[in-house]
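Engineer: Residue numbers (my numbering): 117 to 200.
C-beta atoms are modelled at their ideal positions from N, C-alpha and C, and glycine is treated no differently.
It should be emphasised that the depicted structure is a prediction, and the values quoted were computed from it without experimental measurement.
Before I ask anything, let me first share the structure, which is written out below as structure tokens.
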Amino acid sequence: MEEEVPLPVVWDDVKMEVGFRVDLFVERKLIVELKSIEKVAPVHKKTLLTYLRLSDCRLGLLINFGEELIKNGTSRVVNGLKEK
């Protein structure tokens, strides 16, 4: 498991070595994004999906420690699935 992993971003032949930072990267197969906020907004899930796409990773977990029960604050995000 790696913490605070930099994700490079390439745009029009310009490469930024640290475009984003992934909270936890587990065996380069799972991205875990950690939050401690009152309520998760759609932008938080879209941010995780962006991380998944940039890293060519398929599965991510968004964990919000701001919820009363941790099971209510955990969301799974999958790269490549159609959104509802």
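Determine the contact status of E133 and L140, defining contact as a CB-CB distance below 9 Å.
Structural biologist: On the sequence shown, position 17 is the one that residue 133 refers to. On the sequence shown, position 24 is the one that residue 140 refers to. No. Outside cutoff.
Engineer: What is the DSSP secondary structure of R156, counted as helix, strand or coil?
Structural biologist: Mapped onto the sequence shown, residue 156 falls at position 40. The amino acid at residue 156 is misidentified as Arg; the sequence shows Val. V156: coil per DSSP, three-state reduction.
Engineer: Would you report the Cα separation of V138 and L165, rounded to the nearest angstrom?
Structural biologist: Position 22 of the sequence shown holds residue 138. Position 49 of the sequence shown holds residue 165. Using only the alpha carbons, I get a separation of about 11 Å.
Engineer: For R169, which three-state DSSP category applies?
Structural biologist: Walking along the sequence shown from the start, residue 169 turns up at place 53. Of the three classes helix, strand and coil, the one that applies to R169 here is helix, per DSSP.
Engineer: Using only alpha-carbon positions, find the residue among L123, C173, E119 that is nearest to V193.
Structural biologist: Taking the first residue of the sequence shown as position 1, residue 193 is located at position 77. The shortest Cα separation from V193 among L123, C173, E119 belongs to C173.
Engineer: Which full runs of the beta strand (DSSP E) of 3+ residues lie inside the stretch 122–154, going along the chain?
Structural biologist: Within the stretch 122–154, the complete beta strand (DSSP E) runs of at least 3 residues are 130–142, 146–151.
Engineer: Taking DSSP's pairing of strands, which residues face L177 in a bridge?
Structural biologist: Here residue 177 refers to the residue found at position 61 of the sequence shown. DSSP, once it has assigned bridges, lists V148, R192 as partnering L177.
Engineer: Let me check one thing: in DSSP terms, what residues is E119 bridge-paired to?
Structural biologist: Along the sequence shown, read from residue 1 onward, the residue named residue 119 stands at position 3. BP columns for E119 point to L140.
Engineer: If L123 sits next to Y167, beta carbons under 8 Å apart, how far is it from one beta carbon to the other, in whole angstroms?
Structural biologist: Position 7 of the sequence shown, counting from 1, holds the residue named residue 123. Position 51 of the sequence shown, counting from 1, holds the residue named residue 167. Rounded, the Cβ-Cβ distance is 6 Å, consistent with contact.
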